[in-house]
Amino acid sequence: MLYFLETKLPEHKSVYFALTKIYGIGQNTAFIICKKLGFSVNLKIKDLTQEQVVDMLQLIDSLNLTLNNELKKLKSLTLKKLVSVKSYKGLRRVRGLPVRGQRTHTNAKSARKFRRF
């Protein structure tokens, strides 16, 4: 296992797929990273040299991506801001109801289930 950006990456997986395991890097971003570094999509993590890992880390830093805990913190702060401003979305979140205008007469059972403890 390669420990990269606070995430364990499986060595038997391709670089493209392993990068998507990092919270905040999706398939498109992983493809762009592999393309810019000249990696094949099928290149495995165990086949990377130390220099390639350093280059990958420098490229991710240069892309100014918000990753892992920073992204989770940013998302939670955004949701807390919606609640504190008392916006419609924030009030729906507090009540445990659907936020994006879905029907609630017969549906929204799953949204109500998540608020139960």
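FYI, the numbering for the sequence shown is 2 to 118, going by this note's numbering.
Cβ coordinates follow ideal geometry from the N, Cα and C atoms, glycine included.
Item	Value
Using three-state DSSP, classify Ser15 as helix, strand or coil.	strand
Report the rounded CA-to-CA distance for Phe118 versus His13, giving the unit in angstroms.	In this predicted model, Phe118 has a pLDDT of only 40, less than 50, meaning its place in the structure is not dependable; the value taken from the coordinates is given anyway. In a straight line, the C-alpha of Phe118 is about 39 angstroms away from that of His13.
Can Thr107 and Pro99 be called in contact, C-beta distance under 8 angstroms?	no
Could you name the residues of the same chain whose beta carbon sits closer than 7 angstroms to that of Ser15, not counting the 5 residues immediately before and after it, in chain order?	Val42, Asn43, Leu44 and Lys45
For Tyr24, name the three-state secondary structure that DSSP assigns.	coil
Which residues in the same chain as Leu75 place their Cβ atom closer than 8 angstroms to its Cβ, once the five residues preceding and following it in sequence are excluded?	Thr67
Excluding the five sequence neighbours on either side, which residues of its own chain have a C-beta within less than 8 angstroms of the C-beta of Leu58, listed in chain order?	Phe5 and Leu6
Lys9 lies in the beta strand (DSSP E); which residues open and close that run?	Thr8 to Leu10
Among all the DSSP beta bridges, which residues are the ones paired with Lys45?	Ser15
Spatial neighbours of Leu38 within its chain, please: C-beta separation below 8 angstroms, excluding the five flanking residues on both sides.	Gln53, Asp56, Met57 and Leu60
Which first and last residues belong to the beta strand (DSSP E) in which Leu64 is found?	Run containing Leu64: none; DSSP gives neither H nor E here.
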